[in-house]
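Working notes for the structure below.
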Amino acid sequence: MDYGAMDIDQVGPRVIIRESFPNRADFVLEHVDLAFANSLRRTMLAEVPTMAIDLVEVDENTSVLADEFIAHRLGLIPLNSKQIEDVLYTRDCDCDQYCENCSITLTMHAKCTGDEIMKVYARDLVVAEPRPNEWVGNPVITDEAGLGPVICKLRKGQAVRMKCIAKKGIAKEHAKWAPTSAIGFEYDPNNKLRHLDYWYEVDPIKEWPVDDRNASWESEGGPQQDDETFDYNAVPSRFFFDLESIGNLEPDAVVQQGIKVMQQKLAAVLQELAGDENRNGNAGGDGFGVQEPDGMQGGDYGVDQGYTTPYVNPGATSQWGGGATPYGATPYGQSGWNQ
Amino acid sequence: MGTPGTSIRYRTDNKTYRLQTGQTPIVRPPLYNEYGLDNFPNGMNAVVAVISYTGYDMDDAMILNKSAHERGFAHGTIYKTKVIRLDENERTNKARSKSARAINKLFGFAPDSFVSAATRSKLDSDGLPHIGAKVTEGDPLCASHNVTYDPAKTSSVAYINNDGVTQLHKYKDSEVAYVEEVRLLGAESGAEPCQSLSIKLRIPRSPVIGDKFSSRHGQKGVCSQKWPAIDMPFSESGIIPDIIINPHAFPSRMTIGMFVESLAGKAGALHGLAQDSSPWRFTEQDTAGDYFGEQLRLAGYNHHGNEPMYSGITGREFAADIYQGVVFYQRLRHMVNDKFQVRTTGPVTQLTGQPIKGRAKGGGIRVGEMERDALLAHGCAFLLQDRLMGCSDYRREWVCKGCGSFLSTQPTVWGGALGGRRGKGTGVVRCRRCARKLADVIEEGSEVGIGEEWEDGSGEKWVGGEDTTIVAIPGVLRYLDVELSAMGVRMRFNVGP
Ligand SMILES: [Zn+2]
Ligand SMILES: [Zn+2]
Numbered sequence: 001m002d003y004g005a006m007d008i009d010q011v012g013p014r015v016i017i018r019e020s021f022p023n024r025a026d027f028v029l030e031h032v033d034l035a036f037a038n039s040l041r042r043t044m045l046a047e048v049p050t051m052a053i054d055l056v057e058v059d060e061n062t063s064v065l066a067d068e069f070i071a072h073r074l075g076l077i078p079l080n081s082k083q084i085e086d087v088l089y090t091r092d093c094d095c096d097q098y099c100e101n102c103s104i105t106l107t108m109h110a111k112c113t114g115d116e117i118m119k120v121y122a123r124d125l126v127v128a129e130p131r132p133n134e135w136v137g138n139p140v141i142t143d144e145a146g147l148g149p150v151i152c153k154l155r156k157g158q159a160v161r162m163k164c165i166a167k168k169g170i171a172k173e174h175a176k177w178a179p180t181s182a183i184g185f186e187y188d189p190n191n192k193l194r195h196l197d198y199w200y201e202v203d204p205i206k207e208w209p210v211d212d213r214n215a216s217w218e219s220e221g222g223p224q225q226d227d228e229t230f231d232y233n234a235v236p237s238r239f240f241f242d243l244e245s246i247g248n249l250e251p252d253a254v255v256q257q258g259i260k261v262m263q264q265k266l267a268a269v270l271q272e273l274a275g276d277e278n279r280n281g282n283a284g285g286d287g288f289g290v291q292e293p294d295g296m297q298g299g300d301y302g303v304d305q306g307y308t309t310p311y312v313n314p315g316a317t318s319q320w321g322g323g324a325t326p327y328g329a330t331p332y333g334q335s336g337w338n339q
Numbered sequence: 001m002g003t004p005g006t007s008i009r010y011r012t013d014n015k016t017y018r019l020q021t022g023q024t025p026i027v028r029p030p031l032y033n034e035y036g037l038d039n040f041p042n043g044m045n046a047v048v049a050v051i052s053y054t055g056y057d058m059d060d061a062m063i064l065n066k067s068a069h070e071r072g073f074a075h076g077t078i079y080k081t082k083v084i085r086l087d088e089n090e091r092t093n094k095a096r097s098k099s100a101r102a103i104n105k106l107f108g109f110a111p112d113s114f115v116s117a118a119t120r121s122k123l124d125s126d127g128l129p130h131i132g133a134k135v136t137e138g139d140p141l142c143a144s145h146n147v148t149y150d151p152a153k154t155s156s157v158a159y160i161n162n163d164g165v166t167q168l169h170k171y172k173d174s175e176v177a178y179v180e181e182v183r184l185l186g187a188e189s190g191a192e193p194c195q196s197l198s199i200k201l202r203i204p205r206s207p208v209i210g211d212k213f214s215s216r217h218g219q220k221g222v223c224s225q226k227w228p229a230i231d232m233p234f235s236e237s238g239i240i241p242d243i244i245i246n247p248h249a250f251p252s253r254m255t256i257g258m259f260v261e262s263l264a265g266k267a268g269a270l271h272g273l274a275q276d277s278s279p280w281r282f283t284e285q286d287t288a289g290d291y292f293g294e295q296l297r298l299a300g301y302n303h304h305g306n307e308p309m310y311s312g313i314t315g316r317e318f319a320a321d322i323y324q325g326v327v328f329y330q331r332l333r334h335m336v337n338d339k340f341q342v343r344t345t346g347p348v349t350q351l352t353g354q355p356i357k358g359r360a361k362g363g364g365i366r367v368g369e370m371e372r373d374a375l376l377a378h379g380c381a382f383l384l385q386d387r388l389m390g391c392s393d394y395r396r397e398w399v400c401k402g403c404g405s406f407l408s409t410q411p412t413v414w415g416g417a418l419g420g421r422r423g424k425g426t427g428v429v430r431c432r433r434c435a436r437k438l439a440d441v442i443e444e445g446s447e448v449g450i451g452e453e454w455e456d457g458s459g460e461k462w463v464g465g466e467d468t469t470i471v472a473i474p475g476v477l478r479y480l481d482v483e484l485s486a487m488g489v490r491m492r493f494n495v496g497p
């Protein structure tokens with residue numbers, strides 16, 4: 001691969017969308033390093049905000065399923081999250097519990113009156129108005145009959161009446177906020193980098209299936225030839241993504257949102273690294289910058305004296321803070337354990 | 001855990017385990033269908049990767065995908081039934097044939113009694129819990145009050161409460177539960193008022209670290225960590241395993257069946273088939289590996305069931321391809337929530353002052369000889385002292401430095417000469433063994449200074465034995481001294497300095 005020529009032609013990452021469906025996007029990400037590509041994958045999997053039911057107030061539940069079980073099922077129903085920027089995180093909102101700016105209320109009220117078993121579907125969730133925008137909070141329904149997933153089944157006389165509060169969140173917190181069901185990820189389909197050492201019985205080329213589309217996409221094409229020299233300095237730079245959306249966000253929106261989240265996180269890192277002169281008196285002095293708030297507690301991160309040996313401790317106080325054991329005076333009537 | 005029956009709703013077992021999110025196994029024998037076992041699901045099809053990843057799958061431990069858990073993987077419930085009897089402590093003879101006049105307690109709040117708002121919010125006006133209510137340790141399950149039978153009044157209120165006191169029957173377990181059902185157990189004759197109550201409680205048990213799982217091949221393991229899905233390894237198609245187990249679980253146990261199930265399950269999932277797991281269907285020439293391997297090959301997978309996988313943390317492809325398939329996993333009923341034991345201080349035995357045994361009673365776990373040796377080998381003498389003495393039978397005991405005895409020290413009392421508090425303890429402890437009787441000393445003609453003599457509890461006056469001090473010892477040491485002295489053996493302690 002001629003990296004030198006490419007650097008001149010191409011600066012920065014390049015995305016080639018190979019195929020696009022309502023709930024799938026197949027694209028190739030080029031001229032980025034592995035860490036970047038994987039970061040994007042991880043962000044899209046776990047940090048793209050979506051809507052999901054987070055609180056359920058059970059008014060009536062005479063179905064055979066327990067309250068918490070139905071609540072769990074409700075949480076997993078995908079809700080439309082288009083233009084979710086219009087919705088605030090509840091923790092950032094001024095309200096006490098939840099409000100129109102940070103949540104969407106859906107109500108489920110169903111009772112079986114007939115002799116046949118009645119199914120309650122996602123379409124039976126009624127979205128309350130007003131809400132931040134016209135899409136957000138609608139249950140995602142993709143089947144032809146327009147029913148959506150089954151929530152529960154009711155027998156004659158049984159009823160469910162629940163108030164569901166959907167909130168904005170990310171899949172890092174709970175999988176119900178995941179925008180994708182899976183993200184296919186591959187690089188170097190011809191194994192030219194030899195990251196993978198195929199296990200085989202007779203012939204790895206015969207025994208191992210190759211993703212033809214990805215393999216032939218690589219301009220060099222074909223498996224390693226015997227006369228080809230191995231470039232041990234080569235690094236992966238082309239990544240094949242196959243993203244499948246759950247339906248709450250369009251696949252391209254998932255990618256865009258993922259990039260946005262990553263940008264925000266990187267911006268936060270840069271800001272921390274640059275240091276704030278006003279906040280951190282001797283910024284750059286210790287070389288660590290501002291500390292993570294939930295990191296190690298107290299003390300100067302950079303100027304730790306290290307472990308001081310408790311033996312031959314000239315002071316009267318021992319390493320355990322004062323000369324006393326937890327039981328009052330030290331045993332054996334001495335003033336310090338090492339005197 | 002599984003589905004113990006179709007009549008769970010109507011049963012009142014003391015304890016029942018139930019799996020909430022059961023599935024039908026992909027790999028199964030024909031009899032599975034014949035017996036209709038789909039009506040009683042007892043496990044879940046898990047995507048299992050056999051890989052040593054992060055070390056948290058060492059030694060039969062397994063890593064669970066946190067997202068899989070959040071989607072409901074292996075969620076379970078325990079149903080417990082508590083029966084509350086009002087007539088429990090009374091004459092248990094007469095075989096429960098109580099007459100109307102023998103009843104002296106009724107369920108419900110005492111009329112006009114004071115009931116706190118907290119209790120009101122937990123119990124309904126009839127003194128019984130709300131269905132679906134959450135109960136935590138110490139919460140009331142129901143209320144009752146004392147009554148006396150009034151034979152003169154034959155109307156509806158034949159029982160009169162006189163003290164206006166409401167008794168609460170509390171929930172004593174430490175786990176959060178939900179009230180599933182309340183049953184009033186009426187009298188046999190139907191004439192007397194209700195005297196017992198059966199409350200069915202539901203305890204949700206989502207899988208946590210320390211819970212036990214198993215495939216159907218006896219490959220049991222304990223969940224040691226729930227990794228976020230993004231940190232788990234993934235295949236090229238983006239599949240993230242639900243469970244990671246360690247390859248070392250296989251060579252010595254030779255559970256080839258699990259490999260075959262993994263292969264068959266994967267092929268079945270890819271093609272939408274329920275696979276037949278009958279034994280002896282294959283021969284040395286026509287092997288299961290080839291049969292299911294061919295199915296995998298047709299689905300575009302390696303026929304051995306291996307797949308290239310990537311590290312979820314770095315995104316780099318692993319050097320080895322990973323055996324990944326679909327295996328039916330069961331949740332076993334051994335859960336940490338029923339087993340964990342922890343204690344710093346707590347109840348002790350009378351005799352030795354050492355902690356009692358038993359998890360239920362809040363006892364300790366013994367630091368035995370081997371544990372002691374391990375601590376010694378690590379040089380943790382201070383920790384050892386804390387385990388063996390500080391958290392056990394730590395005692396401060398008076399000892400005589402002169403004669404080295406615990407047993408000869410005794411408290412002194414105020415004598416008549418020193419004021420009005422005669423007979424009260426002075427707080428000073430002297431050794432009686434090293435002391436001499438005041439009378440003998442005077443008879444000898446020796447000088448006795450002011451305040452040198454002391455008095456014991458029986459009025460005898462003594463001189464000397466001042467060389468006493470307090471030492472910290474394990475309580476059993478003194479007990480040993482007592483036992484030995486009973487056999488005529490004296491222990492002598494050299495107390496320094
Ligand atoms: Zn709000
Ligand atoms: Zn003595």
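Here the protein sequences come in this chain order: A and B. Here full-length UniProt numbering is used: the first residue of the first sequence is 1, the next is one more, and so on. Here full-length UniProt numbering is used: the first residue of the second sequence is 1, the next is one more, and so on. Idealized CB from N, CA, C, for every residue including glycine.
A:Ser-63: which of A:Ser-81, A:Val-160 and A:Gly-75 sits nearest, CA to CA?
Translated into the one-based positions of the first sequence, residue 63 of chain A becomes position 63. Of the candidates A:Ser-81, A:Val-160 and A:Gly-75, the one whose C-alpha sits nearest the C-alpha of A:Ser-63 is A:Val-160.
Excluding the 5 residues preceding and the 5 following A:Ala-171 in the sequence, name in chain order all residues of the same chain whose CB lies nearer than 6 Å to its CB.
In the first sequence, the residue the question calls residue 171 of chain A occupies position 171. The beta carbon of A:Ala-171 sits closer than 6 Å to those of Ala-46, Trp-177 and Ala-178, all from its chain and outside the five residues before and after it, given in chain order.
Taking 8 Å as the cut-off, does the stretch 320-336 of chain B touch the stretch 202-216 of chain B (at least 3 CB pairs, one atom from each stretch)?
Touching, per the Cβ criterion.
Excluding the five sequence neighbours on either side, which residues of its own chain have a C-beta within less than 8 Å of the C-beta of A:Pro-326, listed in chain order?
Residue mapping note: residue 326 of chain A aligns to position 326 of the first sequence, counting from 1. Note that A:Pro-326 scores 39 on pLDDT, short of 50, meaning its location in the model is unreliable; the coordinates nonetheless yield the value given after this. Result list for A:Pro-326: empty, nothing under 8 Å.
Find out if the Cβ-Cβ distance for the pair B:Arg-436, B:Val-463 is shorter than 8 Å.
Against the second sequence, residue 436 of chain B aligns to sequence position 436. Against the second sequence, residue 463 of chain B aligns to sequence position 463. Taking C-beta atoms as the reference points, B:Arg-436 and B:Val-463 count as a pair closer than 8 Å.
Simplified DSSP assignment, three categories, for A:Glu-218:
By one-based count along the first sequence, residue 218 of chain A stands at place 218. The DSSP-derived three-state label of A:Glu-218 is coil.
Tell me whether B:Glu-447 is buried or exposed, calling it buried when 16 or more other Cβ atoms sit within 10 Å of its Cβ.
On the second sequence, position 447 is the one that residue 447 of chain B refers to. Answer is exposed; the Cβ neighbour count stays below 16.
Got a sec: which bits of the stretch 29-57 of chain B sit with their beta carbon under 7 Å from any beta carbon on chain A, in order along the chain?
Within the stretch 29-57 of chain B, no residue qualifies.
Can you find a C-beta in chain B that's less than 8 Å from the C-beta of A:Phe-185?
Here the question's residue 185 of chain A lines up with position 185 in the first sequence. Cβ-Cβ to chain B under 8 Å: yes for A:Phe-185.
Measure the alpha-carbon distance for A:Glu-129 versus A:Ile-104 and round it to whole angstroms.
For the purposes of this step, residue 129 of chain A is taken as residue 129 along the first sequence, with counting starting at 1. For the purposes of this step, residue 104 of chain A is taken as residue 104 along the first sequence, with counting starting at 1. One C-alpha to the other measures close to 8 Å.
Contacts of A:Asn-38 in chain B (Cβ-Cβ under 7 Å)
As a first step, residue 38 of chain A must be located in the first sequence, where it is residue number 38. Per Cβ cutoff of 7 Å: Thr-314 and Gly-315.
Quick one: is the Cβ of B:Gly-364 within less than 7 Å of any heavy atom of ligand 2?
In the second sequence, the residue the question calls residue 364 of chain B occupies position 364. B:Gly-364: no, Cβ never under 7 Å from ligand 2.
Hey, how far is the Cα of B:Cys-400 from the Cα of B:Ile-473?
Translated into the one-based positions of the second sequence, residue 400 of chain B becomes position 400. Translated into the one-based positions of the second sequence, residue 473 of chain B becomes position 473. Near 14 Å, if we compare the C-alpha coordinates of B:Ile-473 and B:Cys-400.
At a Cβ cut of 7 Å, what residues of the stretch 128-159 of chain A count as close to chain B, listed as they run along the chain?
Closer than 7 Å at the C-beta level to chain B, one finds no residue of the stretch 128-159 of chain A.
What are the boundary residues of the alpha helix (DSSP H) that includes B:Lys-122?
Stepping through the second sequence from its first residue, residue 122 of chain B is reached at position 122. For B:Lys-122, the uninterrupted alpha helix (DSSP H) run begins and ends at 117-122, by DSSP.
Do the CB positions of A:Ala-110 and A:Gly-148 come within less than 8 Å of each other?
What you label residue 110 of chain A is simply residue 110 of the first sequence in a count that begins at 1. What you label residue 148 of chain A is simply residue 148 of the first sequence in a count that begins at 1. No, the Cβ-Cβ distance between A:Ala-110 and A:Gly-148 is not below 8 Å.
Assuming B:Ala-61 is part of the beta strand (DSSP E), what are its boundary residues?
Position 61 of the second sequence holds residue 61 of chain B. Counting along the chain, B:Ala-61 sits inside the beta strand (DSSP E) bounded by residues 61-65.
Pick helix, strand or coil for B:Gly-362, following the three-state DSSP scheme.
By one-based count along the second sequence, residue 362 of chain B stands at place 362. Here B:Gly-362 carries a coil assignment [DSSP, helix/strand/coil].
In DSSP terms, what A:Lys-119 is bridged to
As a working mapping, residue 119 of chain A is identified with position 119 in the first sequence. Residue pairing for A:Lys-119: DSSP places it in a beta bridge opposite A:Lys-153.
Decide if B:Lys-200 is buried, meaning its Cβ has at least 16 other Cβ atoms within 10 Å, or exposed.
Stepping through the second sequence from its first residue, residue 200 of chain B is reached at position 200. Looking at its Cβ environment, which holds 16 or more other Cβ atoms inside 10 Å, B:Lys-200 is buried.
May I ask you to check if the CB of A:Thr-105 is nearer than 7 Å to at least one heavy atom of ligand 1?
As a first step, residue 105 of chain A must be located in the first sequence, where it is residue number 105. Checking the Cβ of A:Thr-105 against ligand 1 gives no.
Neighbour flag for A:Tyr-198 against chain B, beta carbons, 8 Å
For the purposes of this step, residue 198 of chain A is taken as the residue at position 198 of the first sequence. By the rule that beta-carbons nearer than 8 Å mark a contact, A:Tyr-198 touches chain B.
So, does the CB of A:Asp-67 fall closer than 8 Å to a CB anywhere in chain B?
The residue given as residue 67 of chain A occupies position 67 in the first sequence. For A:Asp-67, at least one C-beta of chain B is nearer than 8 Å to its own C-beta.
Note the first and the last residue of the continuous alpha helix (DSSP H) segment covering A:Asn-38.
For the purposes of this step, residue 38 of chain A is identified with residue 38 of the first sequence, where counting begins at 1. Boundaries of the alpha helix (DSSP H) harbouring A:Asn-38: 34-46, taken from the DSSP string.
Under 8 Å from the C-beta of B:Glu-70: neighbouring residues of chain A
One-based indexing of the second sequence puts residue 70 of chain B at position 70. Here the neighbours are His-174, Ala-175 and Lys-176.
For B:Val-147, the nearest candidate out of B:Thr-136, B:Ile-160, B:Ala-360 and B:Pro-140 (CA to CA)
Position 147 of the second sequence, counted from the first residue, corresponds to residue 147 of chain B. Comparing Cα-Cα distances from B:Val-147 to each of B:Thr-136, B:Ile-160, B:Ala-360 and B:Pro-140, the minimum goes to B:Ile-160.
Closer than 8 Å, CB to CB, is residue 341 of chain A near chain B or not?
In the structure as shown, chain A starts at 1 and stops at 339, and residue 341 of chain A therefore has no counterpart that could be examined.
Check the C-beta distance from B:Ser-144 over to B:Gln-167 and give it rounded, since I have them as a contact under 8 Å.
The count along the second sequence starts at 1 and reaches residue 144 of chain B at position 144. The count along the second sequence starts at 1 and reaches residue 167 of chain B at position 167. At roughly 5 Å, the Cβ-Cβ gap stays under 8 Å, so B:Ser-144 and B:Gln-167 are in contact.
Give the secondary structure of B:Trp-454 by DSSP, where H, G and I count as helix, E and B as strand, and everything else as coil.
Position 454 of the second sequence, counting from 1, holds the residue named residue 454 of chain B. Here B:Trp-454 sits in strand by DSSP.
Consider the Cβ of B:Ile-239: report whether some Cβ of chain A lies at a distance smaller than 8 Å.
On the second sequence, residue 239 of chain B is found 239 positions in, with the first residue counted as 1. Taking Cβ atoms only, chain A reaches closer than 8 Å to B:Ile-239, which makes this a yes.
Whose C-beta lies closer than 8 Å to the C-beta of B:Val-482 among residues of the same chain, with five residues either side of it excluded?
Here residue 482 of chain B corresponds to residue number 482 of the second sequence, with the count starting at 1. Take B:Val-482, set aside five residues on each side of it, and the residues of its chain with a beta-carbon closer than 8 Å to its own are Leu-407, in chain order.
Does B:Asp-290 come within less than 8 Å of chain A when only Cβ atoms are used?
Working through the second sequence from its first residue, we reach residue 290 of chain B at position 290. Not an interface residue.
is_contact[B:Tyr-301, chain A] using C-beta, thresh 8 Å
Sequence index remark: in the second sequence, residue 301 of chain B carries index 301 (1-based). Output row for B:Tyr-301: interface = yes.
Cutting at 6 Å between CB atoms, please list the residues of its own chain near A:Arg-91, excluding the five before and the five after it.
By 1-based counting over the first sequence, the position of residue 91 of chain A is 91. Apart from sequence neighbours up to five positions away, no residue of its chain approaches A:Arg-91 with a beta-carbon distance below 6 Å.
Ignoring anything shorter than 3 residues, give me the beta strand (DSSP E) runs that lie fully in the stretch 30-58 of chain B, in order along the chain.
Note on the stretch 30-58 of chain B: whole beta strand (DSSP E) runs with a minimum of 3 residues are 44-50, in chain order.
Buried or exposed: A:Arg-238, going by 16 or more other Cβ atoms within 10 Å of its Cβ?
Numbered from 1 along the first sequence, position 238 holds the residue referred to as residue 238 of chain A. The residue is buried, with at least 16 neighbouring Cβ atoms inside 10 Å.
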